[in-house]
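Protein chains in written order, with this note's numbering: chain B, 1 to 200; chain D, 1001 to 1200; chain A, 2001 to 2200; chain E, 3001 to 3200.
Down below is the structure, laid out as structure tokens.
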DNA sequence: GATGAATGAGTCTTCATTCAT
DNA sequence: AATGAATGAAGACTCATTCAT
């Protein structure tokens, strides 16, 4: 019955993705049923399957959408030159992640954990997800090199190591918040700061 | 078959838990079926259900067993006084986690991710898991205070913040390794070290 | 398959109920498996569960359907005024029950026993079933009062007692037939008649 | 390990039967599991199976034991000569059934219903149960003939019909009590009495 | 004789996906 | 394009019964 406009189609897709996200956050990836999503989306089963090949497609799409969202939030922070000093940058990153969460009523930190976990056994997801984190780490590496140029951190260190440490701290903030739920973004910055004054 | 000795009973339990662990690591928590575990354990369905009330019990038990394992590995490192300096301690922690993994043929890091993710929607698991991480962080806090006493780190900082930063870095090492798979334990220590020289 | 008309839906429900009834009558309530019913209905498992929440729902529905059937058969007999005299009414009631049975190829008497038995341990069923028998007895009481008005039976008796005796005889006809299988409806009426001439 | 004395053996059997009875009354025949009975009996699985071939054997034995119990209670009432008049006998019978119930803490009426229902699909049980009811009815027939000899009831009636009516009323008392739970034994006698004055 | 751990076929139920309308 | 009823292959779990100790 007639073609649908591309805008309408995109809107429908977003609507379904939104429903999926809500369900996943509430119940987890596998415990969520297609029916849960179908009902939450307000569409019919057939309609949902018209926009997504299958549940796995929906999982990957939902996860990647949220990752793209954070990436957009975080990108500018990492692109700034000169970059904020380490403890400030860390605070900015963790704050951005936290606020992204709050804004849409989803807890991105929980979603992220679902994604990491799922990727362990879902090859297509891992393949899609990896470049995102690689890019994130590459940007952190560029920041590290900028810091070294500016004399902010040890110029003899391997910037790869620095990027790994920073990524670890950021991902760990997410994980720790999700599991313990009491980690204010600032605490991480301050803690690293304290460590940074070591030996003085 | 008459009464079984407590040792035999414990051995059987371990045998099932081992099978479950293997399956979970390979396929994930929910995609693993009870039949998978039953077959892997070499026992019958009834036997497995004689040792574990249901799948959820098995999930929680398997997860907690592995957590207890790491806790035993990590405890001594955190108890040492004076504690190793930050970058060394971080290297020791990440190395311990990595070697624990290698030793038993399971990848603890992947298991940990499954656990964190599952805990988001499994209240009993979260309840059981939390104290473990709280205790871990408490030990890190004690270490931070020892460092402050010894003048190793900024004495004016809040040791809570330091413990959160350290836990984040450690958990993040696990997550990053599981997702990107190329993080040598030493890199984290070195990276933090580089940061630590900031502002000198 | 698009929306189904209410009539079609009702027909499907009846089709399943019919299959269930057949199975229950043949094998009993609990020994009948959902698979038995599913196969007998000619539908798929999912379809059956689309019409009935679970086995218990099916049991209660099947039982109540058959009770409603008898109630419709019996109602007019009890509503007639003046009512047939006791022995005639008893014959009419037992005959109606027997013929209802024969007509549809189910033995209602056996089904009734299954229901009474099940209701002993199935609270929802008992709750649903009771009003039916209460109504039946209330109608019998009204009949008793009509008899008393007409001088057909002892005007000083408690019509409640009469209704209980009549219900007992009717239910007992069902039970005795099911267990011994040789009770013609007329026998009960004649037997009560003989008793009624007592002391003459 | 040594033989057990016949008394002890009989005691054990009774102990198991008692446990089974308790379970059956509480949960129904099929919903009761062997484990329920095993636990209630305080013995081991193996022990129970040493006394009863299987669950069906246990069901039949438990049911027959209770029937034998009522038969002993009721026998003398039916053997008395001259027999009590109809309404009195009915009151005696229903009272005996009710008191038997109360005495042992089991509700015989519910148990009876379970038995009748089960017999519909359990041939061995039906075979065992039938003679009991046939004997009961035969005794009622003898009573009817005594009444006829004594001029208590219509001498031209078929005593078979009378016995069927009496058995129906008695069985119906049991069924009605179990389903509606508010039938005092006396009510039945009084109700039949009222009917008996019809046409005078 | 007694024990109770183990067996494994069988039960109820769910749910991703399809396709006739 | 959209609908939602139907499918049917799993999945988790139970339970009557056995038999090694």
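The C-beta atom is built at its ideal place from N, Cα and C for all residues, glycine as well.
Just so you know, these numbers come straight off a predicted model, no measurement behind them.
Whose C-alpha, out of the options, is nearest the C-alpha of residue i?
i	options	result
residue 75(B)	140(B), 150(B), 188(B) and 176(B)	140(B)
residue 132(B)	81(B), 195(B), 159(B) and 66(B)	66(B)
residue 2082(A)	2057(A), 2144(A) and 2073(A)	2144(A)
residue 2120(A)	3108(E), 3126(E), 3127(E) and 3128(E)	3108(E)
residue 196(B)	1148(D), 1180(D) and 1184(D)	1148(D)
residue 1192(D)	157(B), 33(B) and 55(B)	157(B)
residue 3054(E)	3187(E), 3037(E) and 3069(E)	3037(E)
residue 3161(E)	2146(A), 2185(A) and 2163(A)	2185(A)
residue 2056(A)	2080(A), 2033(A) and 2018(A)	2033(A)
residue 1164(D)	18(B), 182(B), 84(B) and 46(B)	182(B)
residue 2084(A)	2155(A), 2142(A), 2024(A) and 2018(A)	2142(A)
residue 3079(E)	3035(E), 3045(E), 3138(E) and 3194(E)	3138(E)
residue 2169(A)	2086(A), 2070(A) and 2018(A)	2086(A)
Quick check on the burial criterion: 16 or more other C-beta atoms within 10 angstroms. Buried or exposed for residue i?
i	result
residue 1007(D)	exposed
residue 153(B)	buried
residue 61(B)	buried
residue 1010(D)	exposed
residue 3200(E)	Interpretation of residue 3200(E) is limited by its pLDDT of 41, a score under 50 that renders its predicted location unreliable; the figure taken from the coordinates is listed afterwards. Exposed, because fewer than 16 other Cβ atoms sit within 10 Å of the Cβ of residue 3200(E).
residue 272(B)	Residue coverage of chain B in this structure runs from 1 to 200, which leaves residue 272(B) outside it and unanswerable.
residue 2092(A)	buried
residue 110(B)	buried
residue 134(B)	exposed
residue 201(B)	This structure does not reach residue 201(B), given that chain B is present from 1 up to 200, and the question cannot be answered.
residue 3094(E)	buried
residue 3088(E)	exposed
residue 1014(D)	exposed
residue 3187(E)	buried
residue 3216(E)	With chain E running from 3001 to 3200 in the structure shown, residue 3216(E) is simply not present.
residue 1178(D)	buried
residue 3194(E)	buried
residue 3127(E)	exposed
Anyone know if the C-beta pair for residue i and residue j falls short of 9 Å?
i	j	result
residue 2090(A)	residue 2151(A)	no
residue 2020(A)	residue 2040(A)	yes
residue 2176(A)	residue 3171(E)	yes
residue 114(B)	residue 1117(D)	yes
residue 174(B)	residue 112(B)	yes
residue 3004(E)	residue 3043(E)	no
residue 180(B)	residue 136(B)	no
residue 1106(D)	residue 1022(D)	yes
residue 2058(A)	residue 2125(A)	no
residue 3012(E)	residue 3049(E)	no
residue 3030(E)	residue 2077(A)	no
residue 2035(A)	residue 2045(A)	yes
Identify every run of the alpha helix (DSSP H) within the stretch 3048 to 3106 of chain E, keeping only runs that are complete inside it and at least 4 residues long; order them along the chain.
-> 3055 to 3079 and 3086 to 3104
Relative to chain E, which residues along the stretch 2160 to 2172 of chain A have a C-beta separation below 9 Å, given in chain order?
-> 2160, 2161, 2162, 2163, 2164, 2165, 2166, 2167, 2168, 2169, 2170, 2171 and 2172
Would you mind listing the alpha helix (DSSP H) stretches within the stretch 8 to 42 of chain B that are 4+ residues and don't spill past its ends, in chain order?
-> Listed in chain order, they are 34 to 41.
Whole alpha helix (DSSP H) elements within the stretch 3111 to 3158 of chain E, 4-residue minimum | 3123 to 3149
If contact means a Cβ-Cβ distance below 9 Å, which residues of the stretch 113 to 143 of chain B contact chain D?
-> 113, 114, 115, 116, 117, 118, 119, 120, 121, 122, 126, 129, 130, 133, 134 and 137
Taking Cβ-Cβ distances below 9 Å as the criterion, which residues of the stretch 64 to 88 of chain B are in contact with chain D?
-> 85, 86 and 87
Listed from N- to C-terminal order along the chain, which residues in the stretch 3008 to 3023 of chain E have their beta-carbon within a distance smaller than 7 Å of any beta-carbon of chain A?
-> none
If contact means a Cβ-Cβ distance below 9 Å, which residues of the stretch 3025 to 3050 of chain E contact chain A?
-> 3025, 3026, 3027, 3028, 3029, 3030 and 3031
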